[in-house]
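So the sequences go chain by chain: A and B. One gets our numbering by counting positions in the first sequence from 1 and adding 92 to each. One gets our numbering by counting positions in the second sequence from 1 and adding 92 to each. All C-beta atoms, glycine included, are put in the ideal place defined by N, C-alpha and C. Just below is one structure, and these are the notes that go with it.
Number of protein chains: 2
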Amino acid sequence: MPSTERFSEVLRDWAQVFMHRSARDFKHFMDESGLSVSQLNTMMRLYHKGECGLSEISGHLGISNAATSQAVDRLVQMGLLGRREDPQDRRVKQLELTDQGRTLIEKVFDSRRQWMEGLTDTLTPDQQETIIDALTLLTRAAHNTED
Amino acid sequence: MPSTERFSEVLRDWAQVFMHRSARDFKHFMDESGLSVSQLNTMMRLYHKGECGLSEISGHLGISNAATSQAVDRLVQMGLLGRREDPQDRRVKQLELTDQGRTLIEKVFDSRRQWMEGLTDTLTPDQQETIIDALTLLTRAAHNTED
DNA sequence: GATTATATATAAGCGCGCTTAACTATTCAG
DNA sequence: CTGAATAGTTAAGCGCGCTTATATATAATC
């Protein structure tokens, strides 16, 4: 059993490195794509959940339905989101990423993947195997503890 | 040697999970703290580099010096940053985090650490050890390949 | 020492994302 | 069937972060 202190320290260091790097790239991506923090979060949420109504996104982000509606509207105009009536409850508009939207948001994840690949390509196969095992564990755990 | 495809897939999945979660918390943190994307990036950069001049931050973020100056000014007023003349070149104002600023930005990293701890606390000691090893490798690699 | 370049600050103005409030359409409850 | 609740849109207005342009102070160049 690893010491709790050491464990926390390692997680914290990794969080720091990962976030420092991704926060910066996040800003650049926003500038290049012209998307806001809320719009990017909306797309990530839809990428993650597949499809959902507008109010759920408002709740997820902590902004008003009006703000979400406006953000979504611009995304639809840009061709990144599709919006269709839910036949079960016609008040609800189900949102989902278009292929174009999916491709765009995947760029964000992919640039992070490339960065990590750059970090690992000088490591030994054993070390790379360790990283695969660890990230697989973490990713699986994250999917299990989801809201 | 792990297959390249499998490796990329694992990295990509982890990037997706980590970013989905941290982008959302990032937005909430911005709202609670009243800080902008640029201000948070500025603080992360200073946390990372220790101390640097204003123009370097502008370059890092891809915004004008005027914008950086304004952002920094608000951070100084909030007591999160210190600004002092560089004795070597008195045109330069060296910026650094105050204790208060450091404490605040550490909350961002710490909430990510807590999230990962939550993901790992049901794993076996062996699995936890694997994660420690992997993240240590990644963090070290990141520090080596730094600009 | 005069000129030019650099580092930062300040000012004016624009665009945009947010909020509240008002409105439409649909569903639910009695 | 009527009234209340819910999902989303639209409109008006505010605050803020960005840009360009201008100003100031210091440093480097000749």
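Let me confirm a value: residue i is counted as buried when at least 16 other C-beta atoms fall within 10 Å, else exposed. Which label applies?
i, result
"S130 (chain A)", "buried"
"K199 (chain A)", "exposed"
"Q108 (chain A)", "buried"
"D105 (chain A)", "buried"
"S150 (chain B)", "buried"
"T214 (chain B)", "exposed"
"H112 (chain A)", "buried"
"R205 (chain B)", "buried"
"L98 (chain B)", "For the record, residue 98 (chain B) in the displayed sequence is Arg; it is not Leu. Counting Cβ neighbours within 10 Å, R98 (chain B) comes out exposed, since fewer than 16 surround it."
"N133 (chain A)", "buried"
"A233 (chain A)", "buried"
"G210 (chain A)", "exposed"
"A158 (chain A)", "exposed"
"H152 (chain A)", "buried"
"S114 (chain A)", "buried"
Based on the DSSP output, what are the partners of residue i in its beta bridges?
i, result
"Q186 (chain A)", "A:R176"
Give me the chain B residues within the contact set of residue i, using Cβ-Cβ distance strictly less than 8 Å, ordered along the chain.
i, result
"G154 (chain A)", "K119, H120, D123"
"L227 (chain A)", "V102, L103, D105, W106, A226"
"S130 (chain A)", "K119"
"L215 (chain A)", "L229, A233"
Using a C-beta to C-beta distance shorter than 8 Å, which residues of chain A count as neighbours of residue i?
i, result
"E209 (chain B)", "F99, S100, L103"
Applying a beta-carbon distance threshold of less than 9 Å, which residues of chain B neighbour residue i?
i, result
"N133 (chain A)", "H112, A115, R116, F118, K119"
Can you tell me the Cα-Cα spacing of residue i and residue j, whole angstroms?
i, j, result
"C144 (chain A)", "E188 (chain A)", "7 Å"
"V164 (chain A)", "T231 (chain A)", "29 Å"
"S147 (chain A)", "D181 (chain B)", "54 Å"
"R137 (chain B)", "I223 (chain B)", "26 Å"
"G171 (chain A)", "T195 (chain B)", "41 Å"
"E160 (chain B)", "H140 (chain A)", "In the sequence under discussion, the amino acid at residue 160 (chain B) is Thr, which differs from the Glu named in the question. Roughly 34 Å between the two C-alpha positions."
"Q186 (chain A)", "F118 (chain B)", "25 Å"
"G126 (chain A)", "Q192 (chain A)", "15 Å"
"F110 (chain A)", "T237 (chain A)", "21 Å"
"S95 (chain A)", "T216 (chain A)", "26 Å"
"R176 (chain B)", "T190 (chain A)", "50 Å"
"R116 (chain B)", "V184 (chain B)", "36 Å"
"H235 (chain A)", "E101 (chain A)", "24 Å"
"I197 (chain A)", "V168 (chain A)", "14 Å"
"T212 (chain B)", "T212 (chain A)", "22 Å"
"F201 (chain B)", "S128 (chain A)", "22 Å"
"D123 (chain B)", "E221 (chain A)", "39 Å"
"G174 (chain B)", "Q162 (chain B)", "14 Å"
"H120 (chain A)", "R166 (chain B)", "22 Å"
"L103 (chain B)", "L229 (chain B)", "14 Å"
"G142 (chain A)", "S203 (chain A)", "22 Å"
"S156 (chain B)", "D218 (chain B)", "49 Å"
"W207 (chain A)", "D178 (chain B)", "34 Å"
"L227 (chain A)", "L227 (chain B)", "9 Å"
"M135 (chain A)", "M135 (chain B)", "26 Å"
Give the residues of chain B in contact with residue i, contact being defined as C-beta atoms less than 7 Å apart.
i, result
"I223 (chain A)", "A226, L229, L230"
"Q219 (chain A)", "L229"
Just to make sure I have the definition right: I need the residues of chain A whose C-beta is within less than 7 Å of the C-beta of residue i. Which are they?
i, result
"V109 (chain B)", "T231, A234"
Item checked: Under 8 Å (Cβ pairs) to chain B, residues found in the region 189-204 of chain A -> Along the region 189-204 of chain A, the positions whose C-beta sits under 8 Å from a C-beta of chain B are V200, F201, D202, R204, read in chain order.
Item checked: Near-chain B residues of the region 156-171 of chain A - C-beta to any C-beta below 8 Å -> Listed by position, the residues of the region 156-171 of chain A near chain B (Cβ gap below 8 Å) amount to none.
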